[in-house]
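Trainee:
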Amino acid sequence: EAGVAQSPRYKIIEKRQSVAFWCNPISGHATLYWYQQILGQGPKLLIQFQNNGVVDDSQLPKDRFSAERLKGVDSTLKIQPAKLEDSAVYLCASSGLGDRGGYEQYFGPGTRLTVT
Amino acid sequence: KQEVTQIPAALSVPEGENLVLNCSFTDSAIYNLQWFRQDPGKGLTSLLLIQSSQREQTSGRLNASLDKSSGRSTLYIAASQPGDSATYLCAVRGDDKIIFGKGTRLHILP
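Protein chains in written order, with my numbering: chain A, 1 to 116; chain B, 1 to 110.
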């Protein structure tokens, strides 16, 4: 079974530029999550999709961040314009009902963003 | 508001020892708790998922316990190995909100 795929793995941009990240979840997983992980911190949930609907985006800075999940599969997360404090690793995860119970999350390798 | 704390922030132990990592949370109304490991520069790898109705889960040398009433979970690692060196994170799910702790950075000394 293929895991969660993310691209790019690394991105360096200047402040005020825009950037987009892509995520492909595990096949059949209805729920997709985007997290921001700042160095030394635990991941912070930015947005959660159930199929192509938003379940929770309460911690998404909506003035500069946007996310979509067209057709309930792939998802993109965009930042426009980027600020220095957006430097972090952006993690995508997916979940579905599994053998060990519901909602076990599986993570992709992440995208490391550096804003200069 | 749910808060998740992991103490200590860092831990070094000699190879072969058994060890316990701690995770505490303030709101006991949770659906489940999940333990992950994270290697430097990598994503998170799921270790164990405990549903709110369960008291513990085991996988190989790992055992995770959950005590909702006291707001605590522990991850027990038996016979530690250098390959266990990583950051261990716990995540609590409640009311569709998922909150992570900051993690415990574990170093196993050969």
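For each residue, glycine too, the CB sits at the ideal point set by N, CA and C.
Just so it is clear, the structure is predicted and the values come from calculations on it, not from any experiment.
Taking the alpha-carbon positions, what's the residue 78 (chain A) to residue 91 (chain A) distance?
Mentor: Approximately 13 Å between the Cα atoms of the pair.
Trainee: Measuring straight from C-alpha to C-alpha, what distance separates residue 113 (chain A) and residue 89 (chain A)?
Mentor: For residue 113 (chain A) and residue 89 (chain A), the distance between alpha carbons rounds to 6 Å.
Trainee: For residue 6 (chain A), report the span of its beta strand (DSSP E) as first-last.
Mentor: Unbroken beta strand (DSSP E) run through residue 6 (chain A): 5 to 7.
Trainee: Which of helix, strand or coil does DSSP assign to residue 85 (chain A)?
Mentor: Helix, per DSSP.
Trainee: Leaving out five residues on either side along the sequence, give the residues of the same chain with a beta carbon under 7 Å from the beta carbon of residue 12 (chain B).
Mentor: Once the five neighbours on either side are set aside, the close Cβ partners of residue 12 (chain B) are 107, 109.
Trainee: For residue 10 (chain A), count neighbouring Cβ atoms within 10 angstroms of its own Cβ and tell me buried if that reaches 16, exposed if not.
Mentor: The residue is exposed, with fewer than 16 neighbouring Cβ atoms inside 10 Å.
Trainee: If you run the structure through DSSP and keep just helix, strand and coil, what is residue 14 (chain B)?
Mentor: The answer is strand: DSSP assigns residue 14 (chain B) an E or B state.
Trainee: Excluding the five sequence neighbours on either side, which residues of its own chain have a C-beta within less than 6 Å of the C-beta of residue 81 (chain A), listed in chain order?
Mentor: Within the same chain, residue 81 (chain A) has close Cβ partners 16.
Trainee: For a quick check, are the C-beta atoms of residue 86 (chain B) and residue 74 (chain B) less than 8 Å apart?
Mentor: No, these two residues do not count as a Cβ contact at 8 Å.
Trainee: Which of the three DSSP states is assigned to residue 28 (chain A) in this structure?
Mentor: Here residue 28 (chain A) sits in coil by DSSP.
Trainee: What are the boundary residues of the beta strand (DSSP E) that includes residue 13 (chain A)?
Mentor: 10 to 13 is the extent of the beta strand (DSSP E) around residue 13 (chain A).
Trainee: Of all Cβ atoms in chain B, is any one closer than 8 Å to the Cβ of residue 107 (chain A)?
Mentor: Closer than 8 Å: yes.
Trainee: So for residue 71 (chain A), helix, strand or coil by DSSP?
Mentor: In this structure, residue 71 (chain A) counts as helix in the three-state DSSP scheme.
Trainee: Tell me which residue opens and which closes the beta strand (DSSP E) that residue 56 (chain A) is part of.
Mentor: Taken as a continuous stretch (DSSP letters only), the beta strand (DSSP E) holding residue 56 (chain A) covers 53 to 56.
Trainee: By the criterion of Cβ-Cβ separation under 9 Å, what are the contact partners of residue 21 (chain B) in chain A?
Mentor: Near residue 21 (chain B) there are no residues of chain A at all, since even the closest Cβ is about 14 Å away, more than 9 Å.
Trainee: DSSP state of residue 27 (chain B), grouped into three classes?
Mentor: Three-state DSSP puts residue 27 (chain B) in coil, outside helix and strand.
Trainee: DSSP three-state label for residue 39 (chain B), please.
Mentor: Note: residue 39 (chain B) maps to coil in three-state DSSP.
Trainee: Using a Cβ cut-off of 9 Å, which residues of the region 17 to 48 of chain A contact any Cβ in chain B, in chain order?
Mentor: Within the region 17 to 48 of chain A, the qualifying residues are 33, 35, 37, 40, 41, 42, 43, 44, 45, 48.
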